[in-house]
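Chains as they are written, first to last, in the working numbering: chain A, 1 to 318; chain B, 319 to 692.
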């Protein structure tokens, strides 16, 4: 469109011709990308919305195009609010995410503080710390599945250190399974929080830290009055990303516990997975999926807005 | 309030020696300038006084007490950075209050002292501004005020005027002098600008390549430079330094300047006693451009007859360059001196204003020991 405006200046003839031409070229150039987007985003979304408004399941023996025969308006959406299992899965997820993100933040921030200063072999430690993030989550799941076996290395080490036989079956015990799963999650994602926070801390101007120190501030005061206020937005971003990612927690649980024992480690994603492949309730799952996307978008929006406002905020007076 | 003593301070970064066995004694409430070209180690010296960097060896004392192991935040020093290091995420008020807040000062005292210092720094009407919106000149004042509020006994300023415009720099020079008298603090001021150092400091420490060259009052440093470096560094345009040979014996001496001619030295002059202290026949002869008087070529007094090769009129004074390549001399005439290029003049050099240096070591050659602390 802007090229159309630009073309108006030379003359009347080239004006209409140029505008039409450049528009056509624009369509041609972006056409394939638009078609692809249409196919991979818009089409599935429409199908999901369509199916979510019916009570159709593949067990009916009809293709999804025939789903209108079981049209049920918003029945699925209403059911979401009566789904007790869903809410307990949501509660478990939030609980695990809260603990995991808190631990990831504490560890990540602590490590980031250590890595702000240079020290011997820093690049080597740095690489080592980032490693877990590079591991495929399913592989991480397998690693911890093996580590937490009752005859696995973790129990062996605890036995060796304490001198007593220690052989609980971690993944079969409701409480222990939750902590094992959180451990795996924290192991894998602390590096990411570390990386984001370190980038933030490195951006705090060194001379300001020096100035604060010379004005009599100790390290804690420098952190509280200079570093943290300066990286508020970065902290919000790190927490936001982990929170949203945490709500999608799936791979590690699926490999380690399949949500068990019972439903002790069944997260939102695992619950949806079970409803999809166990119960084949595709219409309900569609409705649920759309609702979750909507809810998460809202959370992300709030976080971004908060970060923006914090960033713009004028410093508080005395 | 506080004296500073540096005893054989040495600082190395890997194989680079930034500061080499520097000893300096700064008296209580004295204004000392550390002067030298960029990279001479003056800022490193300052950072070691502040505690930002620790010396590789040597000792730093405040009021006779060794503080080498005292962390920076415990030294009670006011420090103004070259780029001010204003906390841009805080308001002007909070910047000023920072040093008091970290000392858990009661709010009532904070309010009062912030108001006082803002008044002194003329920032009262900007107190609630975000500090990022201040002009460079105001940031400079804020940086000084922020450090001054905790009433430090020692105030360190690292090239504080290098980023501000010329008019404000002149203004700030008087302000700083005034401030030092008001606060009665020991001030150490790092600069590469000799005019700043001369106009502000009680004493100047000239540093080059990490080594202290001379430490003395501006007059001492200017009038009796300890060596070639100080002579050359102080003054603009710098001192004329030309090679000369000493002829004669006893008190009948003369100086020969190659093609430019020779000057007989009066037997009773101070220059003669300086020359008698010389152990070599070849010396480096120095004279400041403003100390040379110009006269007609047929003037009977001893001097060098040279031709004007280049004239630089700079406002109230004119710098005239004499001679082609070797030797070349600069002369400053106070009034607008009119001369033609190629015109010959006699250059008269008052014997008490001449300086002699050893060409090998660069050290000043003087009959009596002048104020040389280096």
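All C-beta atoms in this analysis are idealised placements derived from N, C-alpha and C, irrespective of residue type, glycine included.
Per-residue burial, residue i [other beta carbons within 10 Å of its own, 16 or more giving buried]
i	result
residue 157/A	exposed
residue 305/A	exposed
residue 631/B	exposed
residue 375/B	exposed
residue 378/B	buried
residue 333/B	exposed
residue 208/A	buried
residue 39/A	exposed
residue 225/A	buried
residue 162/A	exposed
residue 363/B	buried
residue 6/A	Interpretation of residue 6/A is limited by its pLDDT of 44, a score under 50 that renders its predicted location unreliable; no figure is taken from the coordinates.
Min CB distance residue i to chain B below 7 Å
i	result
residue 117/A	no
residue 270/A	no
residue 199/A	no
residue 216/A	yes
residue 137/A	no
residue 211/A	yes
residue 122/A	no
residue 309/A	no
residue 207/A	yes
residue 224/A	no
residue 221/A	yes
residue 24/A	no
residue 275/A	no
residue 32/A	no
Assumed close pair residue i, residue j - CB separation to whole angstroms, cut-off 8 Å
i	j	result
residue 560/B	residue 647/B	7 Å
residue 188/A	residue 140/A	5 Å
residue 184/A	residue 256/A	7 Å
residue 260/B	residue 413/B	An answer regarding residue 260/B cannot be provided, because it is not within the stretch 319 to 692 covered by chain B.
Residue i in three-state terms, based on DSSP
i	result
residue 65/A	helix
residue 119/A	coil
residue 601/B	strand
residue 152/A	coil
residue 500/B	helix
residue 294/B	Nothing in the structure corresponds to residue 294/B, since chain B is present only between 319 and 692.
residue 640/B	strand
residue 336/B	strand
residue 507/B	strand
residue 519/B	coil
residue 624/B	strand
residue 592/B	helix
residue 142/A	helix
residue 469/B	coil
residue 585/B	coil
residue 318/A	Note that residue 318/A scores a pLDDT of 32, beneath 50, so its modelled location is shaky; the value from the coordinates is reported in the next line. It is coil, neither helix nor strand.
Contact check, residue i vs residue j, beta carbons under 7 Å
i	j	result
residue 287/A	residue 52/A	yes
residue 246/A	residue 97/A	yes
residue 145/A	residue 154/A	no
residue 435/B	residue 463/B	yes
residue 542/B	residue 353/B	no
residue 539/B	residue 522/B	yes
residue 281/A	residue 57/A	yes
residue 604/B	residue 336/B	no
residue 266/B	residue 487/B	Given a span of 319 to 692 for chain B in the structure shown, any question on residue 266/B remains unanswerable.
residue 626/B	residue 669/B	no
residue 373/B	residue 329/B	yes
residue 685/B	residue 592/B	yes
residue 619/B	residue 563/B	no
residue 582/B	residue 572/B	yes
residue 291/A	residue 80/A	yes
residue 677/B	residue 602/B	yes
residue 432/B	residue 415/B	yes
residue 683/B	residue 596/B	yes
Any C-beta of chain A under 7 Å from that of residue i
i	result
residue 682/B	no
residue 420/B	yes
residue 344/B	no
residue 407/B	yes
residue 417/B	yes
residue 370/B	yes
residue 390/B	yes
residue 397/B	yes
residue 403/B	yes
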